[in-house]
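Reading through the structure tokens given below for one structure.
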Amino acid sequence: MKSRTPYSELPARQFWRTAVAEPGPFGLQDLHRPKFQISPDHKIITAGSCFAQTLSRALKQRSYTWLDAEPAPPMMLPETARRYNYGIFSTRTGNIYTVALLRQWLDWAFEPETANQETWLGENGRLYDPVRPTVEPEGFADETAFLAAREQTFASLRQAIRTADILLFTLGLTEAWLNRETGMIYQMCPGTQGGEFDPARHELVNYFSDAILRDFEAIMQRLKVENPDIKVILTVSPVSLTATAVPDSHALVANTYTKSTLRSVAGEATRRWKNVDYFPSYELVAAPAMRGMFYNPNQRTISPAGVDFVMRHFFQSYSGSLTAVPGLQAAGMRPASQDDEPVCNEMILDFYNER
């Protein structure tokens with residue numbers, strides 16, 4: 001006779017065989033129990049890495065209230081608006097790969113006098129913004145135009161934070177580049193998408209979990225002041241890093257460190273804050289049980305089928321349904337198209353791989 005243990009009364013969802021192995025990828029049920037529900041009336045803002053763009057697109061497709069706090073100018077063609085980074089995230093920040101960069105954006109938005117005004121001079125003689133070098137493809141004509149665009153995004157970000165019901169933030173990377181002298185965090189390594197790399201001025205940092213949690217705590221304190229009712233959903237991007245700058249580190253090992261660290265941070269944040277939830281987009285793509293079926297041939301980016309699979313789980317979870325995920329057509333979502341390809345600054349790093 002088996003003795004009674006804490007495992008004796010556990011439900012089937014807490015055992016690997018009955019929860020994962022037997023149902024298989026397309027039979028997963030009750031994977032995520034959210035802290036709160038999302039309705040089409042909730043005002044939702046999105047930010048983060050490339051994978052966060054799939055959330056924005058899916059919310060719009062499902063007619064949820066996705067806030068576009070910094071819309072394109074009237075009469076601008078859709079393809080031009082996308083090129084200038086309108087409508088990709090809720091504000092025109094571009095990709096925010098690290099928690100530290102999100103904290104910097106919020107600090108600058110709510111305390112504009114603290115914003116670093118460093119610019120990069122392009123070969124065309126125009127100025128580029130080091131924290132979002134591709135949002136203005138042709139660069140800014142002068143410092144006045146640069147500062148005006150910054151203030152517009154700051155104002156939009158303030159509005160977004162103060163009016164949103166939910167912030168969806170996708171954690172992407174742990175590696176970032178800083179200015180040694182000013183402490184400013186760049187979106188990308190200087191020299192890759194503008195500017196010039198100077199080893200005396202530019203420093204690589206690979207954030208560990210405690211440092212990331214400190215930055216996230218500062219973000220939560222900011223949100224409590226500006227919008228105490230806002231809720232946060234964290235996800236970890238299943239998209240692997242393009243390259244690692246950590247000396248002597250293999251890309252596979254570096255990616256495992258990155259994703260495991262970010263997943264740990266998300267779990268701890270969910271434990272600490274009642275208004276923070278974690279959605280397992282990473283597990284739905286990268287877990288061994290998924291057999292790599294949702295990755296493109298490059299084994300890094302996610303296929304349209306993978307994106308749709310994740311988003312069907314997302315909407316079923318946050319709408320209150322715990323049934324198995326239906327087929328694509330039953331879910332009412334169209335397959336992603338070539339035009340939906342995320343705008344990912346980090347992909348430029350593969351340009352430097354000459355092998």
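First residue of the sequence shown? That's 1 in the UniProt record's numbering, and the numbers climb one at a time after it.
Note that the Cβ used here is the ideal one computed from N, Cα and C, for glycine as well.
This structure is a prediction, so every number in the text was calculated from the model and none was measured.
Secondary structure of residue i, DSSP reduced to three states
i: ALA218; result: helix
i: ASN85; result: coil
i: LYS231; result: strand
i: ASN275; result: coil
i: ALA72; result: coil
i: ALA155; result: helix
i: GLY306; result: helix
i: GLU143; result: helix
i: ILE96; result: coil
i: ILE185; result: strand
i: SER8; result: coil
i: ALA115; result: coil
i: ALA21; result: helix
i: LYS2; result: coil
i: THR244; result: coil
i: PHE15; result: coil
i: VAL135; result: coil
i: ASP107; result: helix
i: THR91; result: coil
i: MET333; result: Caution applies to MET333, whose pLDDT of 41 falls short of 50 and renders its modelled position unreliable; the model cannot decide the point.
Residues that DSSP places opposite residue i in a beta bridge
i: LYS43; result: THR65
i: VAL236; result: LEU171
i: GLU203; result: LEU178
i: GLY48; result: THR170
i: TRP120; result: TYR128
i: TYR295; result: ILE302
Identity of the residue in the options nearest residue i by Cα
i: GLU226; options: ALA164, GLY195, GLY122, ALA176; result: ALA164
i: HIS313; options: LEU55, TRP177, THR5; result: LEU55
i: PRO34; options: THR270, ARG300, PRO137; result: THR270
i: SER281; options: THR170, TYR207, ARG272, ALA176; result: THR170
i: VAL135; options: ALA200, THR153, ARG126, GLY94; result: GLY94
i: GLU113; options: TYR278, LYS60, ARG150, GLU203; result: ARG150
i: ILE38; options: MET293, ASP308, ASN275, ALA287; result: ASN275
i: PHE26; options: ALA148, ASN255, ALA289, ALA58; result: ALA289
i: GLY195; options: GLU118, SER8, ALA305; result: GLU118
Residue i and residue j closer than 8 Å at C-beta
i: TYR86; j: PRO74; result: no
i: ALA109; j: ARG158; result: yes
i: PHE36; j: LYS231; result: yes
i: SER49; j: LEU213; result: no
i: ARG103; j: ILE219; result: yes
i: ILE45; j: SER90; result: yes
i: THR301; j: VAL239; result: yes
i: ILE166; j: HIS42; result: yes
i: SER237; j: PHE279; result: no
i: THR5; j: ALA12; result: no
Supposed contact pair residue j and residue i - C-beta distance, whole angstroms, cut 8 Å
i: ILE161; j: LEU223; result: 7 Å
i: TYR186; j: VAL131; result: 6 Å
i: VAL265; j: VAL285; result: With 8 Å as the limit, VAL265 and VAL285 do not qualify as a contact, their Cβ atoms being about 19 Å apart.
i: TRP120; j: PRO137; result: Actually they are not in contact, since the Cβ atoms of TRP120 and PRO137 sit about 14 Å apart, beyond 8 Å.
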